[in-house]
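Everything on this sheet refers to the single structure shown next.
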Amino acid sequence: MTIAAGIDIGTSTIKATLFKVENGEETWLSRYIMRIRQRDPLELARVAYDAVLADANMRPEDVDYVATTGEGESVPFHTGHFYSMTTHARGAIYLNPDSRAALDIGALHGRAILIDERGKVLSYKMTSQCASGSGQFLENIARYLGIAQEEIGSLSCQGETPEVVSSICAVLAETDVINMVSRGISTPNILKGIHLSMAARLTKLLKSIGAREGAVMVTGGLALDSGLIAAIEEDLSHIKDMKIAVRSHDDSIYAGAIGAALWGAFRFEKLAAANRVSRAA
Amino acid sequence: MTTVKVATPKAAARAPAKEVIKDASMLKQKEMMAAHYDRLTSAPETGAKVAATFVPGNLNELVMCFDLLNNLPEVNAIQNGLRRVSGSYVLEAEKIGHSEDVCTYVKSDIGMMAKGNIAPNGKKFPNPDVLLLSYTGCFTFMKWFELLREQYKCETIMLHTPYMGDGKITKGMIDYMVKQLREEVIPTLERVSGVKFDIDRLRENLKRSSKAEDDLVRVLQSAKAKPSPIDAYFGGIYYIGPIFGAFRGTQDAIDYYRFLREEVEDRLAKGQGPVTPDGDMGKEKYRLVVEGPPNYTSFRQFWKMFYDEGAVVVASSYTKVGGVYDFGFRHDPSKPLETLAEYCLGVYTNRSLPMRIDMLVNYINEYEADGLLINSIKSCNSFSAGQLLMMREVEKRTGKPAAFVESDLVDPRYFSAANIKNRLESYFQMIDQKRSGANAAA
Amino acid sequence: MATSLNPQATADIVARANALFEDLSFGTARAWKEAVPGRKVVGYMPIYVPRELIHAADMLPLGIVGGGDQLEVIHGDAYYQSYICRIPRSTIELGVSGRLDFVDGMLFPSICDVIRNLSGMWKLMFPKVYSRYFDVPQNYRDDIGGNFYINELAELRHDLGELRGKPITDDELRSSIAVYNDNRRLIRELYALRAERPWQAPAAEVYLMVRAGLLLPVEEHSALLRHYLAAARAEERPMRDNCRVVLTGMFCEQPPLNLIKSLELSGCYVVDDDLLLVTRWLTGDVEIEGDPLRNLSSAFLHHSESTAAKYEPNQKEKGQHLVRAVKRTAAEGVIFAAPSFCDPALLERPMLQHVLKEAGIPYIAFKYAENSGQMQPIREQAGTFADSIKLWSAA
Amino acid sequence: MKTFVGIDLGSTTTKAVLLDEDRNPIGHGITNSRSNYATAARVASQEARVDGQFTLFRRALGDANGVIELDSFLGSLERAFRLEQFLEQLDDLEQTCIGQIQGERFAKVGSGVKSSLGEVFQRLRKEAPELYAPGAKRKSDFFRDIAGSRYHNHAEEVAREAGLPYDLLLNVYDKSIIEVENRPPAGELSEKFRRALGRVLQSEPSVKSAAADIQKMIEKALAVELEETYLVGTGYGRVTLPFSKEHIRSEILCHGLGAHLMYPKTRTVLDIGGQDTKGIQIDTAGIVENFQMNDRCAAGCGRYLGYIADEMNMGLHELGPMAMQSDKPARINSTCTVFAGAELRDRLSLGEKREDILAGLHRAIILRAISIISRSGGITNEFTFTGGVAKNEAAVRELRKVIKENYGDVVININPDSIYTGALGAAEFARRAHFGQADGSEQ
Ligand SMILES: Nc1ncnc2c1ncn2[C@@H]1O[C@H](COP(=O)(O)OP(=O)(O)O)[C@@H](O)[C@H]1O
Ligand SMILES: Nc1ncnc2c1ncn2[C@@H]1O[C@H](COP(=O)(O)OP(=O)(O)O)[C@@H](O)[C@H]1O
Ligand code: SF4
Ligand code: SF4
Ligand code: SF4
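Spelled out as structure tokens, the structure:
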């Protein structure tokens, strides 16, 4: 039996999971999520770790491997670090074994990851250095429009004549949106327009990694945004040679942390087999 | 585009606003273009062979010697821009792995291929039998044809044009090019086409070129008049179509340019201004020189921002990308290969930056322009890298104000109408204010 | 050389190279020039210029590859739109801020439209400095491209002779070729050492050592390389569980040193790259006997590196140089790192990727700028690449 | 009396200036640009009138100077007036919030929300006078920001006490504020002045004795009608304004002219606004000779500071002072507005000091601005810095440094009213238009 923890430090939220792996069977013991507002993420990592332990009634010495991911390279108590795309790929497979691609959409970046059935990263592509069309941007717009995060999705789905956001720049797009409000464009149509333009970018990523068929698992915080998911589906439906089913999961936001824990367990077992065991601190 | 109603210049004044106004020369040109696309797309049936090649460094006279049809990917990209399909092509190319940062002409072409290679007439383009990589003034062309070669796996011929870095054409350059023509280009074209090279045929073609070139120059220089009977940028782009494309060296081109010249001279005699898509332009208020290519995806919207304000472009550098003729160069049948080399070397973007500045300064002075406008194109390093210095230098030397706007040739994402309009308006108001300031002082 | 018996610690040698690298005012070159009245310095930009000619005229060839991430660009941005790469603007900054005021000539090789146009800008902005666009042929036949190239070389030779006040003789040229042959051999040795044992010669160190060659007189640089080679071989360093990669696309604008370091930190040993190509452009020795210009031309035409700035006449050969580099260095993958807005590197990339795919070599790609501050995305991509090679490799 | 109004519809703020016939600015008004430009324009010009009223009061009370401490009296009057305004808007906000929670989304949480809201607003009202106490520092001048930040604080507490999700209360606010902002300001100004006057007279014994006189003079001033003789609009939002072409001038011209009016010797103007940066060269008559603007990327504009302030949970007014505490600015390379937040966090986690990072960010903005000026032709004496960012002392410090290093000794003008430069230029164009110089030139 192996107990492994995964801690995913994102740009806006921190996520932690605890897993038990026994004879290839994976059991999710506990989870924790928290927004990083003002506090030092490394401090929060500790908080999150303690929380998952407490929740599963465990002590630090029970844990075999603490794996970090995201921006967690410098967490002092980790056993090993895996990079986000490695962990999101694994998380996507855990959440849906049929996934052949993961689309991780977080606060600042979007990444498309092509994977095989074992969760191996075959290729990937990230959005560029410019922050346009990120989750952060959507969040700002939502606040401006006075809608709660959970409402974005359902509102967007009501949009029938979406208004195209032409600006590539997130800052200028914000002004575009303000202009739309003044032109009396309805909130659903604005949101849908934003979602469609984000979706176009994301499907471009998917296409460029060579995702052509099978399921794509959306991971990261924006997986919960049903409007975005619908927009991605819509955009994909216009592309002839891409037969992709878009999937999301209530636990998608944990994908990185799940992947980290599972890779941690995998690595631990591999090392144990090679007799190079080193326990988590 | 085929559905728009068309009116002759006379009917223009009466035409309702929505109709696109075209003068007779434009109609003639449209026919020529349509015929050319039909020739191309019916190549599989007619058995004609096709050479793809570029506008700057276009060797149409030579290509015709081998009975090859000339297909120019840049012209196709322009058509796709005007027909507003280039955006989706560019996106397609990006989806298959091209960077967002690179020239969108290339991506529009690659995307068009990926989406079935459909010509403006709705039929499929034939695959080229040979890629004639005769290019000048831009490195991207080389990559462009390497990419096409990868796709079509066809014969590719390189004709390298050295850059006029020191502002002069040396004998070494001409020798190098003539030798490439003689020993690489011509033998390969013979092999691909199965037609033997006949230098007299080339001479004939060249002779026809120079005739049309004479008339083109007359047309472009008519803009020295006040008011100018033409717009030498937005209108100019139509005027250069045949000669920069597949018609230089043909009788068609001679006919077209004679016809065009007469039309323009008629307007000139009557003291008329240019014809715009909305009919005759109102009073000429500003005369501009423009540097840089236009935006094709919002071409009319862009143009409207000018003619609505009474701004006419009297000279532009873009109308020199396929050959600079207004300083005396003509294709010379008496030295056929040398003249082709000289033509390639002298193309606008193959001229050093100081030469380009000299040209613009000269235009501002000779055409009595109010200033310089630079439309900086995101795609095109060849044009754009250095334009900000050009702007300074031109201002310094002419004392005339310059303005700078940014867009792209065929990528609609880079055309921000509000932004450009804002700058243009400010620019025109600034010219006004300066004038009235000058009047007040006087 | 006797000193090789007593190798300095690598750290000292690297510190010297690093100091050269960080000196944005080119103090060493200035000092070289001041040491003897009449000495002249000729700057050049990437990718390749025949430094032998400059050396033969008793001048110091000074490699100028932008300003890196430590230069504050104040004026440079005024000359370039945001969609043009960084290197020309930081180069202009170096010029406008007087950091290059001791340079007597500038060469702008044929690499792309940006540097090509920069040559004209330089003529306008610094009219007192000799500056030349150094064109190279895209035709590789001796009797066509070769003749053109010899012509270009002869013109440059003539101009440099004028600048010196005395023509360059054939013998001067021959001895310069010999000196550079020696330097090229040492650099090949350095690359071979790193390919064999990358932990002994970390990429950032190798970069600094080669970079020093752009700033120092060649003889001094060769001595430095000898020291480093001896020291690096002697020092025992821990080997990490990293994968081995070839870096490509960095032939012009240089990445920040931090980026190179980040790659190794996130699990990738760099075993080959195309940084600072001028030092390795010619892949073998240049013939010394005979007409030196013809020899330089022949080396250029037949024994030079492939890059995006060069036309590949043979479709089958396209990209094979990269496959060969991977094989030669036993690399496990390729990282395409290109400067943002670099048309040559970015347009070339898909073609190279197709070739790698065909050859079954994994790769990743990202963009950078010489002043990129955020290494996080880069670490992440390189790290994921390393993760996947490590987790799924045979072990 | 005749007044000439200039309105500068910026991307973040809308400014109005009122000029009298003799070209004296008698009133300035500012509001944040919101989704409804027409409202923003109306609010700003109303604010300018309010300010104009104070100028009239000052003129009217001029004689009473000596009897009362004029400046301090007018200060009290203004604060009292602002407080009145604030309370009025607070009421509106509360009503709107209550309206919001009738919706189904909140139904399940039940009456808890309503009573919590009541509690929040009670606390807000209670502390309101403190916000307008003499010498009090406010985070911003706008209702959205002031009420917002206080609301957040109270809501967090109240939510904790009531066991409600904080996000819920936040959302109610977000939903309501946009409506409140977009409601044209409620009517009668004179009444508000009278109420404010009442407050002052009651609370400040020193002026009691002169109360009757003061009241009379104020009434007289209130009786003067500020007639809107001619109006010119400019700025980012001008195309969406219901003004006809004669009433619109490009913001470049307005900034040039405005700077010229403030400092007649100005030759170079830098304007850093919310999402654009302009470098303008003008001649001795204030006529624009050349200009450059940032390209389509908004990196390095004022909005950048806004993002940073949000990111650090600070007010815009507080950024500058904090950055001033640094003497070793960090070198920031990404000026992308959105990424700056990420870089900020990156660096904080690497242990760099907040002050240094902030100072670095300010420097980054200035460097970008300098390159734009440099595009427009460099800096010629005298130099005037305008736009909202000119209010930021850290930005100003970096600007001075960079100019000194690169252009030597140059007179640098920064007006406390710099944010109104564009509106001032527009008002002058309005004045000239009225007096028959249609092209805006001076005689
Ligand atoms: N229910 C939701 N609907 C829409 N967006 C959401 C939802 N929940 C979280 N998000 C968004 O997800 C993002 C955080 O996602 P995450 O993958 O954790 O990012 P990171 O790892 O970069 O912190 C935030 O931008 C947030 O706005
Ligand atoms: N008091 C202040 N302190 C610091 N910065 C300020 C202040 N007021 C405004 N700003 C800055 O000025 C910017 C708005 O400037 P403004 O000239 O009004 O722009 P615009 O005309 O585009 O609306 C804001 O984004 C903010 O960064
Ligand atoms: S365009 Fe906008 S989002 Fe992109 S880099 Fe510039 S400021 Fe950032
Ligand atoms: S870079 Fe410019 S000249 Fe070259 S292909 Fe593109 S648009 Fe044409
Ligand atoms: S980085 Fe690329 S685009 Fe820029 S100058 Fe170098 S080769 Fe040209």
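Chains as they are written, first to last, in this note's numbering: chain A, 2 to 282; chain B, 219 to 660; chain C, 70 to 464; chain D, -8 to 434. Ideal placement from N, C-alpha and C gives every residue a C-beta, glycine not left out. A quick note: this is a predicted structure, and the numbers were derived from the prediction, not measured.
Go through the segment 244 to 332 of chain B residue by residue and report every complete run of the beta strand (DSSP E) that reaches 3 residues or more, in order. List check, beta strand (DSSP E) in window: 267 to 270 and 286 to 289.
Which ranges would you report for the alpha helix (DSSP H) in the segment 56 to 93 of chain D if only whole runs of at least 4 residues count? The alpha helix (DSSP H) runs lying completely inside the segment 56 to 93 of chain D and spanning 4 residues or more are 61 to 91, given in chain order.
For ALA80 of chain C, does the count of other Cβ atoms within 10 angstroms reach 16, so buried, or fall short, so exposed? Around the CB of ALA80 of chain C, fewer than 16 other CB atoms lie within 10 Å, so the residue is classed as exposed.
In this structure, does DSSP put GLN439 of chain B in helix, strand or coil? Helix, per DSSP.
Cβ of THR3 of chain D versus every heavy atom of ligand 2: is any distance shorter than 6 angstroms? Judged by the Cβ position, THR3 of chain D qualifies as a neighbour of ligand 2 at the 6 angstroms threshold, a heavy atom of the ligand being closer than this.
Using a Cβ cut-off of 7 angstroms (strictly closer), state whether ALA149 of chain A contacts chain D. ALA149 of chain A counts as touching chain D.
At the 7 angstroms Cβ level, is SER140 of chain D part of the contact set with chain A, yes or no? Closer than 7 angstroms: no.
Just the C-alpha distance for LYS324 of chain D and MET244 of chain B, rounded to the nearest angstrom, thanks. The residue asked about is misnamed: residue 324 of chain D is Asn in this sequence, not Lys. In a straight line, the C-alpha of ASN324 of chain D is about 51 angstroms away from that of MET244 of chain B.
Whole-angstrom Cβ separation of LYS618 of chain B and ASP588 of chain B, contact assumed at under 8 angstroms? Between LYS618 of chain B and ASP588 of chain B the beta-carbon gap is near 6 angstroms, inside 8 angstroms, which marks them as a contact.
Note down, in chain order, each residue of its chain lying with its Cβ closer than 6 angstroms to the Cβ of ARG99 of chain C, except the 5 sequence neighbours on either side. Scanning its chain for C-beta atoms nearer than 6 angstroms, with the 5 sequence neighbours on each side dropped, one finds around ARG99 of chain C the residues PHE171, in chain order.
Any heavy atom of ligand 2 inside 6 angstroms of the beta-carbon of ARG423 of chain D? In this structure, ARG423 of chain D has its CB at a distance of at least 6 angstroms from all heavy atoms of ligand 2.
Are the Cβ atoms of SER241 of chain D and GLN605 of chain B separated by less than 7 angstroms? Pairing SER241 of chain D with GLN605 of chain B gives a Cβ-Cβ distance that is not under 7 angstroms.
Any idea what DSSP makes of PHE269 of chain A, helix, strand or coil? In this structure, PHE269 of chain A counts as helix in the three-state DSSP scheme.
Taking Cβ positions only, does THR14 of chain A come closer than 7 angstroms to chain D? It does not; no Cβ of chain D falls within 7 angstroms.
Do LEU223 of chain A and GLY136 of chain A count as a contact pair if the criterion is CB distance below 7 angstroms? Closer than 7 angstroms, so yes.
Which residue wins for smallest C-alpha separation from GLY340 of chain B, given the options B:ARG301, B:ARG641 and B:THR537? Minimum Cα distance to GLY340 of chain B is reached at B:ARG301.
Determine the chain C residues that contact LEU309 of chain B at a beta-carbon separation under 7 angstroms, and present them in chain order. What LEU309 of chain B touches in chain C: nothing, since even the nearest Cβ is about 15 angstroms away.
Quick check on GLY315 of chain B - is its C-beta less than 7 angstroms from some C-beta in chain A? Judged by the 7 angstroms Cβ criterion, GLY315 of chain B is in contact with chain A.
Got a sec: which bits of the segment 180 to 211 of chain A sit with their beta carbon under 9 angstroms from any beta carbon on chain D, in order along the chain? Within the segment 180 to 211 of chain A, the residues whose Cβ lies closer than 9 angstroms to some Cβ of chain D are ASN180, MET181, VAL182, SER183 and ARG184, listed in chain order.
Boundaries (first-last residue) of the alpha helix (DSSP H) holding LEU338 of chain C: The sequence given here places Tyr at residue 338 of chain C; Leu does not occur at that position. Counted as a single uninterrupted DSSP element, the stretch harbouring TYR338 of chain C is not any alpha helix (DSSP H) but the beta strand (DSSP E) occupying residues 337 to 341.
I'd like to know whether the C-beta of GLY135 of chain C is nearer than 7 angstroms to at least one C-beta of chain D. Cβ-Cβ to chain D under 7 angstroms: no for GLY135 of chain C.
Assigned secondary structure, PHE357 of chain B (DSSP; H/G/I helix, E/B strand, else coil): Three-state DSSP puts PHE357 of chain B in coil, outside helix and strand.
CB contact below 7 angstroms: ARG641 of chain B versus chain A: With 7 angstroms as the cut-off, ARG641 of chain B does not count as an interface residue toward chain A.
Short of 7 angstroms in beta carbon distance, which residues of its chain neighbour GLU584 of chain B, apart from the five on each side in sequence? Order them along the chain. Same-chain partners within the cutoff: LYS442.
Throw me the rounded Cβ distance for the LYS199 of chain D and LEU192 of chain D pair, which I believe falls under 8 angstroms. Rounded to the nearest angstrom, the Cβ distance from LYS199 of chain D to LEU192 of chain D is 7 angstroms, consistent with a contact under 8 angstroms.
Can you tell me whether GLN422 of chain C is buried or exposed, with buried defined as 16 or more other CB within 10 angstroms of its CB? By the 10 Å Cβ count, GLN422 of chain C comes out buried.
Drop a sphere of 10 angstroms on the beta-carbon of ASP650 of chain B, count the other beta-carbons inside from all chains shown, and report buried for 16 or more, exposed for fewer. So ASP650 of chain B ends up on the buried side.
SER457 of chain C versus C:GLY336, C:LEU140, C:TYR209 and C:LEU326, residue with shortest Cα-Cα distance: Closest option to SER457 of chain C, Cα to Cα, is C:GLY336.
Please list the partners that TYR95 of chain A has in chain C, where partner means a Cβ-to-Cβ separation under 8 angstroms. Those within 8 angstroms of TYR95 of chain A in chain C number zero; the least Cβ separation is about 15 angstroms.
Under 7 angstroms between C-beta atoms, does THR28 of chain A make it to chain D? Using a Cβ-Cβ cut-off of 7 angstroms, THR28 of chain A does not count as an interface residue toward chain D, since no Cβ of chain D sits closer than that to its own.
Proximal residues to TYR199 of chain C (C-beta, below 7 angstroms), its chain only, five neighbours per side dropped: For TYR199 of chain C, same chain residues with a beta-carbon under 7 angstroms away, outside a window of 5 residues either side, are ASP173, GLY174, ASP228 and LEU232 in chain order.
What's the gap between the Cα of GLU103 of chain C and the Cα of PRO157 of chain C? GLU103 of chain C and PRO157 of chain C have their C-alpha atoms some 27 angstroms from each other.
Which residue marks the beginning of the beta strand (DSSP E) containing THR317 of chain C, and which one marks its end? Run containing THR317 of chain C: 312 to 317, per the beta strand (DSSP E) assignment.
Between THR80 of chain A and chain C, is the shortest Cβ-Cβ distance under 7 angstroms, so that the two count as touching? Closer than 7 angstroms: no.
I need the straight-line Cα distance from TYR632 of chain B to SER411 of chain B, nearest angstrom please. Taking the straight line from one Cα to the other gives about 41 angstroms.
Where ASP433 of chain B falls: helix, strand or coil (DSSP): ASP433 of chain B sits in a helix when the DSSP states are folded into three classes.
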